[in-house]
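Asks: Take this structure, written in structure tokens, and hold onto it; I'll ask about it next.
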Amino acid sequence: MGKRIIHKKTILLLLPILLLYGVFIGGGLLGVLFESLGYIPSLGLNNLTLEHYLDIFLDRRFIESLFFSLYIALASALISTILGVLIAYRLMITTNRLWRYMTDRVLQIGLILPYLYVVFLTMLFLGKTGFISRIFLNFSWISSLEDFPRFVFDPYGFGIILVYVLKGTPFIALFVLNIMSSISTTYHQVATTLGATESDILRKIYLPLAANTISWTSAILFTYDLGAFEVPYLLGTNKAVTLSSWLYSLYLNPHISEIPASMAMNILLLTIGALSVMIYRWVIKSILMGGR
Amino acid sequence: MKKIITGIIILLISLPMILTFLLTVFTYYKYPQLLPSQLTFEYWNNFFFKNPLMIRSVLNSLFLGLMNGTSSTIVGFMAGRALSKQKENRHTRTMLLYSLPLFIPATALFIGVHLIMLRLSFTNTYLGVVLAHMVLSVPYSTNIGISFFKGIPSEMEQVARTIGCRDFNLFKKVILPLITPGLLFSGSICFLLSFSDYFAAALIGGGKVITLSALLYPYINNADYGNSATLGIVFVSINIGVFFITERITKRLTKVNTYLFE
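If you read the protein sequences in the order shown, they are chains X and H. Each residue of the first sequence is one higher than the one before, counting from 858 in the numbering used here. Each residue of the second sequence is one higher than the one before, counting from 8 in the numbering used here.
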């Protein structure tokens, strides 16, 4: 190893980002860690203990909530990734410029719509008394309100997953389109000459070459869907609660005695989140590379 | 045939917008009527004149978005300049480091940020909210920064130096014109991230810094269609307006190839 010279200029350029992350992420997590171990001097708690972690682990609701969160994140990230990649590939090989322009625009609008507005639209269209239910009744496809299935506020989180997929698909599609367009078209032409089908070309050329981007953007989506608070809170039920909305209501609890428990939950969400996202990305990447 | 399909698709996509708009000017929407009835201007009147919180929240959100767009872009492009000269093999490690906030579940992340903000007495202040939004946006601005700096051919800088260009002039005459579209693009993305965010602003702003999304949230939670739709229309119009205006300018100015999250 040669001597590593780091320029003074590089350090200066990196100082703001390091300060920002160091203070707010590093400092924040350190604070959370100490409070989760029961060390809160301002409240007169000075003993380090693991009992708050134990309490949470022994709570059956925690395991249920954890699995519900992982299920929501996995389902929505996977569906968004598959749809996003397919749309991006279709868009890239299409020769119809009007379609390309329109799909591009729709994806961009999907990307910048606020989550809250998409939640509102989901309630407006898919709720029990929503627009689609109204159409069904007006055409006599259902005889009463009760016949319309429960898509939002349902125990399986369909509404939540739908919002995440609507927001996640454009995110994946635009990033993947960006990277796929940078792949040389020579591969594509050679493969076509040799008689490869469109699906072969996607699987054997584009997916392995774009595997890095796809797996990272998909992992970002997975983390987001795991940790977001407002969507599951607005569209969920009392019976099936995600970890993030549970954590937040615990954090807002005015009882001081609940603080260490909420902090322990915070650390658990963080650790499990990090672990699962690592596994998730590795699996996605292996699939995309086709075992290479 | 193609025209018919295109028409149907346009209708399907614009239907949500049309229904939302109708809900802002009609008040009666009883099940199972398809479209709302009874014309009213109460909601818009409420937005513009009767409820001062509404306009205020829009101004607050615009201000926070502009501040976050500017500061995140500066921090991100500084980091991007330093990181764009990284060797290829350290690529993933670098990407992981500056994207760190994107790989931490948001609720867990911002509760930690909130603890620090309490210590620094930044809660309930604009500064606190902007800093929280920066944590959320800097990964994106850094990424855009890196991809724009990578797009500048190194020969260009060398030539400029050979003919005697010093640091400041090099930046002003060579680098700045090449990255201006990137700065604009990053600024608009960070603006949108801040403008659309609910959780961080609600937690750190603590009911004192009222943003548009913080105001919209309870209306949606109570299924108040009229007010949700009115605020929703304003929200989406600003979002789409900002994005497409900056996109248009950016496209005109762009001279280098850029690829995000490579």
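Don't be surprised by glycine CBs; every beta carbon is placed ideally from N, CA and C.
Which residues in the same chain as leucine 191 of chain H place their Cβ atom closer than 7 Å to its Cβ, once the five residues preceding and following it in sequence are excluded?
Replies: Cβ within range, chain order: Thr253, Ile256 and Thr257.
Asks: How long is the line joining the alpha carbons of tyrosine 974 of chain X and serine 220 of chain H, rounded to whole angstroms?
Replies: So the two alpha carbons sit approximately 9 Å from each other.
Asks: Just mark tryptophan 998 of chain X as buried or exposed, buried being the case when its beta carbon has 16 or more other beta carbons within 10 Å.
Replies: exposed
Asks: Determine the extent of the alpha helix (DSSP H) in which leucine 905 of chain X is found, giving its start and end residues.
Replies: Run containing leucine 905 of chain X: none; DSSP gives neither H nor E here.
Asks: Any beta carbon from chain X within less than 8 Å of leucine 199 of chain H's own beta carbon?
Replies: For leucine 199 of chain H, the answer is yes, since a Cβ of chain X falls inside 8 Å of its Cβ.
Asks: Using CA atoms only, rank isn't needed, just tell me which of X:Leu894, X:Leu935, X:Ile1058 and X:Asp1004 is closest to lysine 1156 of chain X.
Replies: Lying outside 858 to 1149, the shown extent of chain X, residue 1156 of chain X is not represented and no answer is given.
Asks: For the alpha helix (DSSP H) that contains threonine 34 of chain H, what are its first and last residues?
Replies: Here threonine 34 of chain H belongs to no alpha helix (DSSP H); instead the beta strand (DSSP E) covers 33-35.
Asks: Could you check the C-alpha separation between leucine 1023 of chain X and tryptophan 1139 of chain X for me, to the nearest Å?
Replies: Going from the Cα of leucine 1023 of chain X to the Cα of tryptophan 1139 of chain X covers about 24 Å.
Asks: Name the two residues that bound the continuous beta strand (DSSP E) containing glutamine 1046 of chain X.
Replies: Under the DSSP assignment, glutamine 1046 of chain X falls outside any beta strand (DSSP E), being part of the alpha helix (DSSP H) whose first and last residues are 1042-1050.
Asks: Do the CB positions of glycine 233 of chain H and threonine 31 of chain H come within less than 8 Å of each other?
Replies: yes
Asks: For arginine 991 of chain X and chain H, any beta-carbon pair shorter than 8 Å?
Replies: yes
Asks: Could you tell me whether the Cβ of isoleucine 882 of chain X comes closer than 8 Å to any Cβ of chain H?
Replies: yes
Asks: If you follow the alpha helix (DSSP H) that glutamine 40 of chain H is part of, which residue opens it and which one closes it?
Replies: Segment: none, glutamine 40 of chain H is in no alpha helix (DSSP H) and carries neither H nor E.
Asks: Taking only beta-carbon atoms, is tyrosine 878 of chain X less than 8 Å away from chain H?
Replies: yes
Asks: Does the region 145-160 of chain H come within contact of the region 175-187 of chain H, defined as at least 3 CB pairs closer than 8 Å?
Replies: yes
Asks: Just to confirm before moving on: does the CB-CB distance between valine 1134 of chain X and alanine 1076 of chain X stay below 8 Å?
Replies: yes
Asks: I want to see whether chain X comes within less than 8 Å of arginine 259 of chain H, judged by CB atoms only; does it?
Replies: No, its Cβ sits nowhere closer than 8 Å to a Cβ of chain X.
Asks: How many angstroms separate the CA atom of leucine 948 of chain X from the CA atom of valine 1033 of chain X?
Replies: 11 Å
Asks: Can you give me the C-alpha to C-alpha distance between isoleucine 950 of chain X and leucine 871 of chain X, rounded to a whole angstrom?
Replies: 40 Å
Asks: Examine chain X for any beta-carbon lying closer than 8 Å to the beta-carbon of tyrosine 133 of chain H, and answer yes or no.
Replies: no
Asks: Mind checking if asparagine 246 of chain H is an interface residue toward chain X, Cβ cutoff 8 Å exclusive?
Replies: yes
Asks: Whole-angstrom Cβ separation of valine 145 of chain H and leucine 877 of chain X, contact assumed at under 8 Å?
Replies: 6 Å
Asks: Take threonine 906 of chain X as the anchor and find which of X:Tyr896, X:Ile913 and X:Val963 has the nearest alpha-carbon.
Replies: For threonine 906 of chain X, the closest of X:Tyr896, X:Ile913 and X:Val963 by C-alpha to C-alpha distance is X:Tyr896.
Asks: Using a beta-carbon distance below 8 Å, is threonine 218 of chain H in contact with chain X?
Replies: no
Asks: Name the residues in the region 994-1027 of chain X whose C-beta lies less than 9 Å from a C-beta of chain H; which are they?
Replies: Within the region 994-1027 of chain X, the qualifying residues are Leu994, Asn995 and Leu1002.
Asks: Name the chain X residues that come within less than 9 Å of asparagine 228 of chain H, Cβ to Cβ?
Replies: Tyr1090 and Leu1091
Asks: Closer than 8 Å by C-beta to isoleucine 227 of chain H: which residues in its own chain qualify, once you throw out the five before and the five after it? Chain order, please.
Replies: Ser235
Asks: So, using beta-carbon positions, are methionine 141 of chain H and serine 68 of chain H closer together than 8 Å?
Replies: Contact: no.
Asks: For asparagine 1035 of chain X, does the count of other Cβ atoms within 10 angstroms reach 16, so buried, or fall short, so exposed?
Replies: By the neighbour-count rule (16 or more Cβ atoms within 10 Å), asparagine 1035 of chain X is buried.
Asks: Under 8 Å between the Cβ atoms of glycine 1084 of chain X and proline 108 of chain H?
Replies: no
Asks: Would you please verify whether the beta carbon of phenylalanine 977 of chain X is less than 8 Å from any beta carbon of chain H?
Replies: yes
Asks: Would you call the region 198-211 of chain H and the region 958-966 of chain X touching, i.e. three or more CB-CB distances under 8 Å?
Replies: no
Asks: When DSSP labels each residue in this structure, what does isoleucine 217 of chain H get in the three-state scheme?
Replies: coil
Asks: Using CA atoms only, rank isn't needed, just tell me which of X:Leu1091, X:Val1009, X:Leu869 and X:Pro1117 is closest to phenylalanine 84 of chain H.
Replies: X:Leu869
Asks: Grab me the residues of leucine 260 of chain H's own chain with a C-beta within less than 8 Å of its C-beta, minus the 5 sequence neighbours each way, in chain order.
Replies: Thr187, Pro188 and Leu191
Asks: Name the DSSP beta bridge partners of isoleucine 897 of chain X, please?
Replies: Isoleucine 897 of chain X is bridged to X:Leu902.
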